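S.K.:
Residue numbers (the working numbering): 1078 to 1179.
Shown next, in the form of C-alpha cells:
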C-alpha cells in the first residue's frame, strides 16, 4: 500500500493527511466517503474531501493539516506569525467566490 511505501522510503514520523479531491463530481465518484474515511482511520490519519471548483473544504483541509501537525508536535511551540515572517512565499490577497454557477 502507498502509505507503507512512504513510511519505508521517508519516515514513519511523516505527518500525513488523506485528501479526496473533486468532491463536487458526485456522479463520477469512484470511492465513497465511508471507504476513504475507513482507510484514513486504519492509517490513523485525518481525512477531508475538497473541491477547488466550488471552494468546498479547501480551508478546512489546511486547518485539518495544521491542527494535526500541532497536535503531533511534542511540546514545540509554533507561532504562525513567526513562520509567515520567515517565509519567502507571501500569501496572495484574493477573493474566492463560493457561489459558483455551473
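No residue lacks a Cβ here, since even glycine has one placed at the ideal position from N, Cα and C. From a predicted model like this one, the values you see are computed outputs, not experimental measurements.
Between which two residues does the alpha helix (DSSP H) carrying residue 1082 extend?
M.R.: Note, residue 1082: alpha helix (DSSP H), 1079–1086.
S.K.: Out of 1092, 1082, 1079 and 1085, point me to the one whose CA is closest to residue 1144's CA.
M.R.: Minimum Cα distance to residue 1144 is reached at 1092.
S.K.: Using three-state DSSP, classify residue 1094 as helix, strand or coil.
M.R.: In this structure, residue 1094 counts as coil in the three-state DSSP scheme.
S.K.: My understanding is that residue 1094 touches residue 1130, with C-beta atoms under 8 Å, so please give their C-beta distance in whole angstroms.
M.R.: That pair is no contact at about 20 Å.
S.K.: Work out the CA separation of residue 1136 and residue 1116 for me, nearest whole Å.
M.R.: When rounded, the distance between both Cα atoms is 22 Å.
S.K.: Report back the beta-carbon spacing between residue 1113 and residue 1097 to the nearest angstrom; my notes put them in contact at under 8 Å.
M.R.: Yes, they are in contact, since the Cβ atoms of residue 1113 and residue 1097 sit about 5 Å apart, within 8 Å.
S.K.: Does residue 1121 come out as helix, strand or coil in the three-state DSSP assignment?
M.R.: Coil at residue 1121, not helix or strand.
S.K.: May I have the straight-line CA-CA distance separating residue 1122 from residue 1109, to the nearest angstrom?
M.R.: When rounded, the distance between both Cα atoms is 17 Å.
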